[in-house]
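> This is the structure, below, for whatever I ask next.
There are 2 protein chains.
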Amino acid sequence: MAEDRVMQSLLLDFYGELLTDKQRECCELHFNEDLSLAEIAEQSGISRQGVWDNIRRGVAALEAIEEKTGLIRRFSETQKGLDELDDTVRALGSLPLGAEGEALAEKLRRQIRELRTRG
Amino acid sequence: MAEDRVMQSLLLDFYGELLTDKQRECCELHFNEDLSLAEIAEQSGISRQGVWDNIRRGVAALEAIEEKTGLIRRFSETQKGLDELDDTVRALGSLPLGAEGEALAEKLRRQIRELRTRG
Numbered sequence: 000m001a002e003d004r005v006m007q008s009l010l011l012d013f014y015g016e017l018l019t020d021k022q023r024e025c026c027e028l029h030f031n032e033d034l035s036l037a038e039i040a041e042q043s044g045i046s047r048q049g050v051w052d053n054i055r056r057g058v059a060a061l062e063a064i065e066e067k068t069g070l071i072r073r074f075s076e077t078q079k080g081l082d083e084l085d086d087t088v089r090a091l092g093s094l095p096l097g098a099e100g101e102a103l104a105e106k107l108r109r110q111i112r113e114l115r116t117r118g
Numbered sequence: 000m001a002e003d004r005v006m007q008s009l010l011l012d013f014y015g016e017l018l019t020d021k022q023r024e025c026c027e028l029h030f031n032e033d034l035s036l037a038e039i040a041e042q043s044g045i046s047r048q049g050v051w052d053n054i055r056r057g058v059a060a061l062e063a064i065e066e067k068t069g070l071i072r073r074f075s076e077t078q079k080g081l082d083e084l085d086d087t088v089r090a091l092g093s094l095p096l097g098a099e100g101e102a103l104a105e106k107l108r109r110q111i112r113e114l115r116t117r118g
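As they're listed, the protein sequences go chains A and B. First residue of the first sequence: 0, per numbering that gives the first Met the number 0; consecutive thereafter. First residue of the second sequence: 0, per numbering that gives the first Met the number 0; consecutive thereafter.
Below, the structure written as C-alpha cells:
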C-alpha cells in the first residue's frame with residue numbers, strides 16, 4: 000500500500016497534467032494531501048460518489064499512460080543507475096586521492112545528488 | 000530543421016504509443032524512416048491528404064503532451080548532467096590514481112555510458 004502511494008505520486012507527478020482538471024484535483028487531494036473522499040467532496044462541492052469516480056478514472060488513465068510509455072520505469076532505472084554511480088564514487092573516495100582528486104570526487108558526489116533530485 | 004527532426008524523434012520515442020495507430024505509423028515512416036507523403040500513401044493505402052492529416056494531428060498531439068508534462072525537457076537536463084559528470088570523471092582520470100583508483104574511474108565511465116544510452 001505504501002508502495003502504491005509512491006507509485007500514485009509518481010504517476011501524478013509525471014502525467015497529472017494529462018488528466019481532466021477534476022480528476023487531477025481529486026487525485027492530488029487524495030494521494031498527495033491524504034484527504035478522505037468525504038473531505039474532498041466537502042471541499043470541492045461534488046458528491047462523494049463523484050469524487051470516487053474522478054479518482055478511479057484518473058488512476059486508470061494514469062496507469063494506461065505508464066503502461067504505454069514506460070517513462071516512469073525508465074526514470075526508476077536511471078535513479079537506480081545513479082545509486083550505483085554513487086556507490087562507485089564512495090569507493091573511490093575511500094582511496095588516498097590527494098587534494099585535487101578529493102575535490103573532484105566531492106564534485107562528482109554533488110553532481111550525482113543534483114541529478115537525483117532533478118530526476 | 001535538423002533540430003526539429005531530433006525533437007520529433009524524441010517526441011515519438013517518448014509519447015508515440017499515446018497516438019492512434021494511423022498517426023503513429025504515418026509519423027514514424029515520415030520522421031524516422033524519412034519517407035515522403037506520397038511514399039507513405041502508397042505503402043499504407045490512404046490518400047496523400049490523409050497521410051498529411053495524420054502527421055499534422057499526430058505532431059500536434061505529441062507537442063501538447065510535452066508542453067503539459069515537460070518530460071523530454073527533464074530527460075534532456077539529465078543527459079546534460081551526465082555529460083557534466085563525464086567531464087569530471089575525465090578530469091579525475093588524468094590524475095595519478097593508482098591501479099585501484101583507475102579501475103574505479105573506468106567503472107564510473109562505463110556506468111555513465113550505460114545511463115546515457117538507457118536515457
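Virtual Cβ for every residue (Gly too), placed ideally from N, Cα, C.
Any Cβ of chain A within less than 8 Å of the Cβ of isoleucine 39/B?
No, because no Cβ of chain A sits closer than 8 Å to the Cβ of isoleucine 39/B.
> Spatial neighbours of tryptophan 51/A within its chain, please: C-beta separation below 7 Å, excluding the five flanking residues on both sides.
Leu36, listed in sequence order.
> Scan the segment 12-56 of chain B and note each continuous alpha helix (DSSP H) run of 4 residues or more that stays entirely inside, going in chain order.
With a minimum length of 4 residues, the continuous alpha helix (DSSP H) runs that stay inside the segment 12-56 of chain B are 20-26 and 36-43.
> Helix, strand or coil for leucine 96/B? Go by DSSP, reduced to three states.
Coil.
> Is DSSP giving glycine 119/B helix, strand or coil here?
Chain B is shown only over 0 to 118; residue 119/B falls outside these bounds and no answer can be derived.
> Rounded to whole angstroms, what's the CA-CA distance from glutamine 48/A to glycine 57/A? Just pull it up for me.
One C-alpha to the other measures close to 14 Å.
> Return the CA-CA distance between phenylalanine 13/A and arginine 73/B, expressed in angstroms with no decimal places.
Each residue's Cα considered, the two are about 10 Å apart.
> Residues in its own chain within less than 6 Å of leucine 61/A by CB, not counting five upstream and five downstream?
The residues are Leu10 and Tyr14.
> I need the straight-line Cα distance from glutamate 65/A to leucine 96/B, nearest angstrom please.
Near 44 Å, if we compare the C-alpha coordinates of leucine 96/B and glutamate 65/A.
> Leucine 91/A and leucine 103/B: beta carbons closer than 8 Å?
Yes, they are a contact pair.
> For the segment 60-86 of chain A, enumerate the residues whose C-beta is nearer than 8 Å to any C-beta of chain B, in chain order.
Within the segment 60-86 of chain A, the residues whose Cβ lies closer than 8 Å to some Cβ of chain B are Ile64, Lys67, Thr68, Leu70, Arg73, Glu76, Thr77, Gly80, Leu81, Glu83 and Leu84, listed in chain order.
> Rounded to whole angstroms, what's the CA-CA distance from lysine 67/A to aspartate 20/B? Just pull it up for me.
Going by the C-alpha atoms only, they are around 13 Å apart.
> Quick one: is glutamine 22/B buried, meaning 16 or more other Cβ sit within 10 Å of its Cβ, or exposed?
Label assigned to glutamine 22/B: buried.
> Among the candidates Gln42/A, Ser8/A and Ala98/A, whose CA atom is the shortest distance from the CA of glutamate 27/A?
Selected option, being the one with the closest Cα: Ser8/A.
> How big is the Cα-Cα spacing for glutamine 78/A and serine 46/A?
If you take the alpha carbons of glutamine 78/A and serine 46/A, they lie about 40 Å apart.
> Do leucine 107/A and threonine 87/B have their C-beta atoms within less than 8 Å of each other?
Yes, these two residues count as a Cβ contact at 8 Å.
> Along chain B, which residues have their Cβ under 8 Å away from the Cβ of glutamine 42/A?
Result: empty, since nearest Cβ-Cβ is about 24 Å, beyond 8 Å.
> State the Cα-Cα distance for the pair methionine 0/B and isoleucine 71/B, rounded to the nearest angstrom.
Bear in mind that a pLDDT of 47 at methionine 0/B, under 50, signals an unreliable position, so the model cannot answer this.
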